[in-house]
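Undergrad: Sequential numbering from 33 applies to the sequence shown in this note's numbering. Every residue, glycine too, gets a C-beta built ideally from N, C-alpha and C.
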Amino acid sequence: MLNDLPDDANWDDLMHKIYVRKSIEQGLKDSESGRAVSHEEIRKKYKLAE
């Protein structure tokens, strides 16, 4: 992960990269375990146009 950062990266850049990666990994885990809700289900629940 560090190798992907530019040479002038700072701690904020690193923390952002860690946050994004953790968020994606958690989302994938939630999806695989059935804890995610599809766009279609949300549209139906809130009666949104498709």
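(1) Return helix, strand or coil for residue 65, following the three-state DSSP convention.
(2) Mapping DSSP to helix, strand and coil, what is residue 37?
(3) Checking 8 Å against the spacing of the C-beta atoms, do residue 60 and residue 46 come in under that value?
(4) From the DSSP output, in three-state form, read off residue 80 for me.
TA: Let's see:
(1) On the sequence shown, position 33 is the one that residue 65 refers to. In this structure, residue 65 counts as coil in the three-state DSSP scheme.
(2) As a working mapping, residue 37 is identified with position 5 in the sequence shown. In the structure shown, residue 37 sits in coil (DSSP, three-state: anything other than H, G, I, E or B).
(3) Reading the sequence shown from its first residue, position 28 is the one you call residue 60. Reading the sequence shown from its first residue, position 14 is the one you call residue 46. No, the pair does not count as a contact, with Cβ atoms beyond the cut-off.
(4) Start at 1 with the first residue of the sequence shown, and residue 80 comes out as number 48. DSSP places residue 80 in coil when its eight states are reduced to three.
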